[in-house]
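In the numbering used here, the protein residues as written are 10 to 361.
Just so it is clear, CB atoms sit at the ideal spot from N, CA and C, and this is done for glycine as well.
Notes follow once the structure below has been shown.
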């Protein structure tokens with residue numbers, strides 16, 4: 010699929026971009042991977058890191074300094090590109106709330122620039138990363154990503170005969186990612202704080218790894234026909250169980266949900282159930298536009314979900330137990346220094 014292709018990743022120095030690049034180099038033989046971002050230091054760090062890990066393939070990497078707000082620079086960078094993965098965004102909820110105009114410029118105007126450049130430069134496919142916060146948004150970040158998603162889906166009508174295909178991949182916080190709950194709890198534990206703050210004892214989240222996120226993007230790049238929103242089938246966990254998994258006999262204090270925070274992560278709303286199809290390992294939400302044609306755009310093998318069904322982390326059928334969470338964190342290298350009931354966690358993870 011990606012052999013001898015040129016792929017550009019916006020926000021390519023982030024956690025997703027680095028994992029995506031790594032997996033592409035491991036599984037395919039691309040012609041070129043362009044890392045498009047605005048931080049020269051992060052690009053230098055990534056270049057040195059990949060020069061060591063992929064000495065024989067480092068010549069396939071290109072590093073473009075640029076901002077998605079800069080349409081002229083995007084037009085230059087997209088020249089000769091086959092596939093674009095759009096991962097650049099302002100993602101921190103508080104930062105977006107305090108700097109709303111900046112969030113709009115990056116997340117909305119930047120998305121429009123990506124659409125225009127991709128169509129005019131003849132890019133074959135664009136896959137844009139979304140978030141659960143774009144579903145029934147209650148904060149500015151979610152609102153800007155909802156608009157961004159709408160722009161990418163509608164872009165399929167604009168591309169028309171030029172043939173550029175646009176789709177969206179949606180998932181929540183990645184396990185262990187910056188700003189997520191695991192590193193937050195870990196910092197507290199490392200500072201010998203025995204009582205962990207829990208915003209709500211009923212709170213749940215989905216569990217997804219960077220590898221799973223990249224695999225979903227691969228699926229979209231390989232199968233999309235225009236207008237799809239892809240959502241992985243993944244397990245849920247309780248935040249209280251995560252706290253118990255990270256420290257033995259943990260004490261917890263309920264502090265109340267913060268502004269802009271949801272009790273459960275929502276991936277598919279009940280209103281979207283009318284156009285959502287279930288596949289073996291994922292869901293696809295299809296658009297409800299006149300330009301969308303079932304015979305042309307539908308991916309075979311899907312079954313329409315029950316009307317009114319909502320896919321959220323609280324009503325999931327697959328759950329991670331405390332021991333499951335320990336094993337998952339150990340596999341990801343997120344939990345290697347704590348002791349559970351006096352037993353080295355590595356032993357627990359391996360023997361259970």
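In its chain, beyond the 5 residues on either side, 24, 25, 189, 217, 218, 219, 222 have a beta carbon closer than 8 Å to the beta carbon of residue 183. Membership of residue 70 in the beta strand (DSSP E) is indicated by the continuous run 70-74. The three-state secondary structure of residue 118, taken from DSSP, is helix. Under DSSP, residue 331 forms no beta bridge with any residue. In this structure the stretch 69-86 touches the stretch 27-47; the number of beta carbon pairs closer than 8 Å is three or more. The alpha carbon of residue 91 has as its nearest neighbour, out of 76, 130, 122, the alpha carbon of 130.
If you check the CB distance, residue 208 and residue 264 come in under 8 Å. Residue state for residue 55 is assigned as helix, using DSSP reduced to three classes.
One alpha carbon belongs to residue 38, the other to residue 146, and they sit about 39 Å apart. The Cβ-Cβ distance between residue 293 and residue 249 does not fall below 8 Å. Only residues of its own chain outside the window of five on either side were considered, and among them 260 have a CB closer than 6 Å to the CB of residue 203, listed in chain order.
In the DSSP annotation of this structure, residue 260 is not part of any alpha helix (DSSP H); the continuous beta strand (DSSP E) holding it starts and ends at 260-263. Distance from the CA atom of residue 251 to the CA atom of residue 191, rounded to whole angstroms, is 8 Å. Between residue 78 and residue 115, the CB-CB gap stays under 8 Å. Residue 244 carries a coil assignment under DSSP once its states are collapsed to helix, strand and coil. For residue 318, there is no enclosing alpha helix (DSSP H), as DSSP gives it neither H nor E.
By the Cβ-count criterion, residue 19 is buried, with 16 or more other Cβ atoms from all chains shown falling within 10 Å of its own Cβ.
Scanning 85, 272, 66 for the CA closest to the CA of residue 75 turns up 85.
Boundaries of the alpha helix (DSSP H) harbouring residue 167: 149-168, taken from the DSSP string. For residue 16, the three-state secondary structure derived from DSSP is strand. Between residue 328 and residue 165, the CB-CB gap reaches or exceeds 8 Å. Pairing residue 275 with residue 65, the inter-Cα distance amounts to about 42 Å.
The Cβ atoms of residue 319 and residue 284 lie no closer than 8 Å to each other. Classified as buried, residue 179 has 16 or more neighbouring CB atoms from the shown chains inside 10 Å of its CB. Note that the C-beta distance between residue 33 and residue 11 is below 8 Å. DSSP, reduced to helix, strand and coil, places residue 180 within a strand of the structure shown.
For residue 224, the enclosing alpha helix (DSSP H) begins and ends at 219-232. Setting aside the 5 residues that flank it on each side, residue 282 is surrounded in the same chain by 314, 315, 316, 317, 318, 319, each with a C-beta closer than 8 Å to its C-beta; the list follows chain order.
Between residue 128 and residue 168, the CB-CB gap stays under 8 Å. Beyond the five residues adjoining it in sequence on each side, residue 120 comes within less than 6 Å, by CB distance, of 157, 160 in the same chain, given in chain order. For residue 30, the enclosing alpha helix (DSSP H) stretches over residues 24-36.
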